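With the numbering used here applied, the sequence shown covers 26 to 549.
Every residue, glycine too, gets a C-beta built ideally from N, C-alpha and C.
Since this is a predicted model, take the numbers as computed values, not measurements.
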Amino acid sequence: MMHPSRQAYVEDAQNGDRGISLEDLPTDHDYDMPSASAGIAPEKASAILSQFERKRRAATIAVPTDDGRVRARLRELGEPITLFGEGPAERRDRLRELLALQSEQAAAGGEGVDVEMEDAEGEDGAEDQEEEFYTQGTEELLQARQEIARFSLPRAKRRLADLKEESGIQLRTHVKFRKHVKERLQGFELQGSQTAGDRHVSMTRIAPNGAMVAAGNWGGSIKLIEIPTLEEKGTLRGHNNKVSGLSWYPGATVPERGVSADTVNLASGGAEGHVNLWSLTKDTPLSTLQGHGGRVCRVEFHPSGRYLASASEDTSWRLWDIETTTELLLQEGHSRGVYAVAFNTDGSLLASAGLDSIGRIWDLRSGRTVMILDGHMDGHIKPIHGLDWGSNGHRVLTGSADGWIKCWDVRKVQRIGGIGAHSSAVSDLRWYKGLDDPVEGTVQPELDEKGNRLPKKSGTCFVSSGFDNKVNIFSADDWTLVQTLHGHTGPVASVDISRDGKWIVSGGHDRTVKLWGRNDGQGF
26 MMHPSRQAYV
36 EDAQNGDRGI
46 SLEDLPTDHD
56 YDMPSASAGI
66 APEKASAILS
76 QFERKRRAAT
86 IAVPTDDGRV
96 RARLRELGEP
106 ITLFGEGPAE
116 RRDRLRELLA
126 LQSEQAAAGG
136 EGVDVEMEDA
146 EGEDGAEDQE
156 EEFYTQGTEE
166 LLQARQEIAR
176 FSLPRAKRRL
186 ADLKEESGIQ
196 LRTHVKFRKH
206 VKERLQGFEL
216 QGSQTAGDRH
226 VSMTRIAPNG
236 AMVAAGNWGG
246 SIKLIEIPTL
256 EEKGTLRGHN
266 NKVSGLSWYP
276 GATVPERGVS
286 ADTVNLASGG
296 AEGHVNLWSL
306 TKDTPLSTLQ
316 GHGGRVCRVE
326 FHPSGRYLAS
336 ASEDTSWRLW
346 DIETTTELLL
356 QEGHSRGVYA
366 VAFNTDGSLL
376 ASAGLDSIGR
386 IWDLRSGRTV
396 MILDGHMDGH
406 IKPIHGLDWG
416 SNGHRVLTGS
426 ADGWIKCWDV
436 RKVQRIGGIG
446 AHSSAVSDLR
456 WYKGLDDPVE
466 GTVQPELDEK
476 GNRLPKKSGT
486 CFVSSGFDNK
496 VNIFSADDWT
506 LVQTLHGHTG
516 PVASVDISRD
526 GKWIVSGGHD
536 RTVKLWGRND
546 GQGF
């Protein structure tokens, strides 16, 4: 008899669903590394691992995006320019693998492969290679990059000055403060549960004011639910398939920010490939952004609110101008679907990650890749589904189907921490950023009874959800598990934490949205 999760996968395939996504993954994701002890000969195990390493290395190689140039490059390598039934995407993947094999043979001193061909091409070849990475953009994109630079530099200066000031706090004060935060987090428990549709809940995001949560489901609708009563306040209808991404406009629902309820307050992405922009006064979209050729997995507003990023299974992420509702940038760089995107707090960098198990950090001001999150076999071994930046602007978390959450430091250009977070796939994660987000400016620091400055709570913890039916709270100081929240009866697809630290909201395949917090309602 077929396993229920496998049966559901087959039924989706028969109904016409394409691609592999988080919702389609079975709930059991054990990963067995081949070894001789498992009954595989050492030679065969070594060959399998070598092939795995070659595929990982191939995924990091940039190749031309123009299909004509891909064909020309294949011809130079003496390979067929096309195979039967091969499309442009498959052709690019084949070129990557060939280049990875060429690099491997060159490193081993292999013969029969012209490993010096790039050098023999001369200056013209160097120019062609540069074009593979960066092509001429539009005037609108140039203006957007300049605007992002002007927006991000003052924020970075303010953030660094604040970090420098906080570094002057005594170590014993930090230790005492972190211990207090952990004790408060251990008091979180289930405060309420609400059914949010007839199908699985796929995404939950708390509004900036912490008084409302948007919950998207597989049926294509978005429920607006009040916190803490969990009363349904409205339903947004515009997608005809699974809602995979949700993002609140910076400052939406916060009266002092002056964002009108009639303007854009929320963005969503759906499996039909559309991005919808919503107000809070209409149950139909204000605008629909079209261009993706596959499921839109995540959407994320730029801290300025002027731009929106969307990740898709068509192997690209795109940058949109919210005011003109036009596409500014179509960015490739992943060999498989892009599942997650996130901006850092300054707005200067964007992280993307996806089904190729690799993440990339992009400088939005220049368009360059500044870091690849693969760690040379120290990265993830399965698709990455969750991604979020810390409040300090240089650390980013990734959560994967391999059950691990890993932390990467852009300054050090390396992985600096990680934890086996779940016994199954990590579906979502959110770093606590606090109320001092530079969107609204740095708030006044808290003081102790003696008038000394206390450390900030932002960046001290993060939450994650997994297909093991759990929501976990972790310390970002020592990567320890602080609290496990039990209550869901099925895989948990999404989780979020409010900016005031009072509430954690999760949604999952049991069709419910659950609210977690302390009984005193004070948060941590």
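Note that the C-beta distance between S425 and H405 is below 8 Å. For the options K431, V238, D399 and G212, the alpha carbon positioned closest to that of V520 is the one of V238. In this structure, the alpha-carbon of S285 lies about 18 Å from that of K258. With contacts defined as CB atoms closer than 8 Å, S293 and G244 fail to qualify as a contacting pair.
Taken in chain order, the complete beta strand (DSSP E) segments of 3 residues or longer contained in the stretch 313–382 are 321–326, 332–337, 342–346, 351–356, 363–368 and 374–379. Looking at the DSSP output, D453 bridges to S490. Residue state for Q211 is assigned as coil, using DSSP reduced to three classes. Put simply, the backbone Cα of D339 is about 11 Å away from that of L355.
Take P408, set aside five residues on each side of it, and the residues of its chain with a beta-carbon closer than 7 Å to its own are Y364, G379, L380, S382, S425 and A426, in chain order. A check of alpha carbon separations from D434 across G93, R420 and I86 identifies R420 as the nearest. Taking C-beta atoms as the reference points, W414 and W345 fail to come closer than 8 Å.
For K258, the enclosing beta strand (DSSP E) begins and ends at E257 to R262. The alpha-carbon separation between Y332 and N266 amounts to approximately 24 Å. In this structure, DSSP gives V268 an extended state, which the three-state scheme calls strand. DSSP, read as helix, strand or coil, puts R100 in helix.
The beta carbons of P516 and T198 sit about 41 Å from each other, so the pair does not count as a contact at 8 Å. With fewer than 16 other Cβ atoms inside 10 Å of its own Cβ, D403 counts as exposed.
Where Q439 is concerned, the enclosing beta strand (DSSP E) starts and stops at Q439 to G445.
Residue state for T537 is assigned as strand, using DSSP reduced to three classes. For A277, the secondary structure class from DSSP, reduced to helix, strand or coil, is coil.
If you draw a 10 Å sphere on the C-beta of Q219, you find 16 or more other C-beta atoms in it, and that means buried.
By the Cβ neighbour-count rule, S483 is buried, with 16 or more other Cβ atoms within 10 Å of its own.
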